[in-house]
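Residue numbers (my numbering), protein chains in the order written: chain A, 162 to 238; chain B, 52 to 517. Using N, Cα and C, we set each Cβ at its ideal position, and we do this for glycine too. In this text, all values refer to a predicted model and were calculated from it rather than measured experimentally. Everything below concerns the one structure shown next.
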């Protein structure tokens, strides 16, 4: 499942999968700015059939954090 | 009285800064500005300063210092591409540059002052060029296109920025108690206008570089009780996704929107939300060439006029050119003119208060204006104005084949006849305009559509691609 999440991140942010690591943080690369974030959230919603809550949208500050958040929605990562 | 003189009761809070946690009163701000004036170079003639800024206290103080000492000042994004900065320095020959300590400037400049994170650089002695005088009216220089590679700047006068600050404060009914939170950079005319108009009334500006997608932004918002939010269309898309109405924001009272057309669906969405929450929601229109603002829709007239740009701001007048249908604006906030180099700073007012907006318009029976199209080929991506002809010219310098660009306010499409250059074209445009890759699409076609007389047929291409 982590693999699927990695794929969604890479596709939404338009970066190679190798770049998607736990340490990857919001605003640390040009592709993951606030515009990229909006696209990323939409892609996650769609890929996992969920609707991420506001608090989680603004809390998703790294790939590691995204894994923790998605676990709350029953997505096993 | 001019807003940059900061003549308000000394104890009122002027700035709350997210980064440092500092609160600064108008009295303290005035002293800090004086201190920086003392650090900046002095000369018998008017000088030009560059400020590489973000939404932090230090560059804002330097900006106010430049206005108070009557130097012309150009605000630039502190993340500006180094090559573009060097090009601007060569073209405009600023006497001083205020920049973050990480920026390195050519050898003709030396550091004369260092603070925590910022340096003041000056042109070395003997390098002043007396013959390039600056017209006394020139106050502020802003880039029209945000982050593009174009060195063209809009020249604004002291009268321009003061008049627009007054007009905006008047129709938004700004008060001392207001606390706008910054959502836009101050080198961008809309972002700057928020600061100007609130300093005009002695309000408190909440300075932050955080975006609405970050937790820190909303923590700061709640902690310092922000009362208003300004947004370009992208920010409203984000606020919709964040379900703004479900967020606990008891201090919020006003939403403003400008920087491009917000789709009527979203206008309705936020209009309804505002009515339920008893917020005021202002849909507005403007251009950097008019300092910032040209028109607004009074919130109580928004129903049924969701696609209107409203009526002219106080002191301004809108009309439609009968021949071309172009929207014409007249007012004291119309720029002096454009500059492409230092020599152009010597020229005074070339527009005489009249701006041809480049947008096509119409007026309804109630006197409200609407934009129906564009005279020139501009699109707005995330609030950045992109000239499609300029993109084509830039690409043609690096790609040896014909390129056609079309687009709307969501997407820039590059059309090529040759697969080989597709990646290069995309990379180049993203790099040059600092666009998000999801907003740029490359399409390879067997043959670019042309009109009977051989010109690229943009209408047909747009139909095919968008």
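query, result
"Residue ranges of each alpha helix (DSSP H) run of no fewer than 4 residues wholly in the segment 464–497 of chain B, ordered along the chain?", "473–484"
"Quick one: what's residue 362 of chain B bridged to in DSSP?", "B/347"
"Any C-beta of chain A within less than 8 Å: which residues of the segment 252–265 of chain B qualify?", "262, 263, 264, 265"
"If I'm right that residue 380 of chain B touches residue 361 of chain B with Cβ under 8 Å, what's the distance once you round it to whole angstroms?", "Not confirmed; about 12 Å, so no contact."
"How would you call residue 218 of chain B, buried or exposed, if buried means at least 16 neighbouring beta carbons within 10 angstroms?", "buried"
"Does DSSP classify residue 108 of chain B as helix, strand or coil?", "helix"
"Among residues of its own chain, excluding the 5 on either side of residue 438 of chain B, which ones have a beta-carbon nearer than 6 Å to its beta-carbon?", "429"
"Identify every run of the alpha helix (DSSP H) within the segment 258–320 of chain B, keeping only runs that are complete inside it and at least 4 residues long; order them along the chain.", "266–274, 284–292"
"For the segment 450–479 of chain B, list every residue whose C-beta sits within 8 Å of some C-beta in chain A, in sequence order.", "none"
"If you measure beta-carbon to beta-carbon, which residues of the segment 196–218 of chain A are closer than 7 Å to chain B?", "196, 197, 198, 199, 200, 202, 215, 218"
"I want to see whether chain A comes within less than 8 Å of residue 436 of chain B, judged by CB atoms only; does it?", "no"
"Is the number of C-beta pairs between the segment 373–389 of chain B and the segment 310–328 of chain B that are closer than 8 Å three or more?", "no"
"Please specify which runs of the alpha helix (DSSP H), each continuous and at least 4 residues long, are wholly inside the segment 110–151 of chain B, giving them in chain order.", "133–143"
"Would the beta-carbon of residue 211 of chain B fall within 8 Å of that of residue 342 of chain B?", "yes"
"When the Cα of residue 453 of chain B is compared with those of B/459, B/460, B/444, which residue comes out closest?", "B/444"
"Need the endpoints of the alpha helix (DSSP H) that residue 516 of chain B sits in, please.", "509–516"
"Contact criterion: CB-CB distance below 8 Å. Does residue 251 of chain A meet it with respect to chain B?", "Any question about residue 251 of chain A goes unanswered here, given that chain A covers just 162 to 238."
"For residue 181 of chain A, which residues of its own chain have a beta-carbon under 7 Å away from its beta-carbon, when the five flanking residues on both sides are left out?", "167, 170, 171, 224"
"Please look up how many angstroms separate the CB atoms of residue 441 of chain B and residue 271 of chain B, rounded, as I've assumed it's under 8 Å.", "Their Cβ separation, rounded to whole angstroms, is 37 Å, which puts residue 441 of chain B and residue 271 of chain B out of contact at 8 Å."
"Specify the secondary structure class of residue 418 of chain B as computed by DSSP and reduced to three states.", "coil"
"If distances are taken between C-alpha atoms only, which option among B/98, B/113, B/311, B/208 comes closest to residue 433 of chain B?", "B/311"
"Ignore the nearest five residues each way along the sequence and tell me which others in residue 218 of chain A's own chain have a CB closer than 7 Å to its CB.", "202"
"Relative to the C-alpha of residue 96 of chain B, which candidate in B/108, B/169, B/184, B/175 has its C-alpha closest?", "B/184"
"If we ignore side chains and look at the alpha-carbon of each, how far apart do residue 147 of chain B and residue 403 of chain B end up?", "30 Å"
"Relative to the C-alpha of residue 425 of chain B, which residue among B/156, B/128, B/457, B/232 is closest?", "B/457"
"Going by Cα to Cα distance, which pick from B/487, B/173, B/166, B/54 is closest to residue 245 of chain B?", "B/54"
"DSSP three-state label for residue 207 of chain B, please.", "strand"
"Rounding to the nearest angstrom, what Cα-Cα distance links residue 234 of chain B and residue 401 of chain B in this structure?", "33 Å"
"Take the Cβ of residue 502 of chain B as the centre, count every other Cβ of all protein chains shown within 10 Å, and call the residue buried at 16 or more, exposed below.", "exposed"
"Rank B/138, B/141, B/111, B/133 by C-alpha distance to the C-alpha of residue 155 of chain B and give the top, closest one.", "B/133"
"Kindly indicate if chain A contains any beta-carbon less than 8 Å away from that of residue 289 of chain B.", "yes"
"Hey, does residue 237 of chain A have any beta-carbon neighbour from chain B nearer than 8 Å?", "no"
"On the CB-based measure, 16 or more other CB atoms within 10 Å of its CB, does residue 240 of chain B come out buried or exposed?", "buried"
"Which whole-angstrom value describes the C-beta separation of residue 252 of chain B and residue 289 of chain B, a residue pair presumed to lie in contact below a C-beta threshold of 8 Å?", "About 28 Å separates the two Cβ atoms, so there is no contact after all."
"Could you pull the start and end residues of the beta strand (DSSP E) that residue 369 of chain B belongs to?", "368–371"
"Taking all protein chains shown into account, do 16 or more other C-beta atoms lie within 10 angstroms of the C-beta of residue 212 of chain A, making it buried, or fewer, making it exposed?", "exposed"
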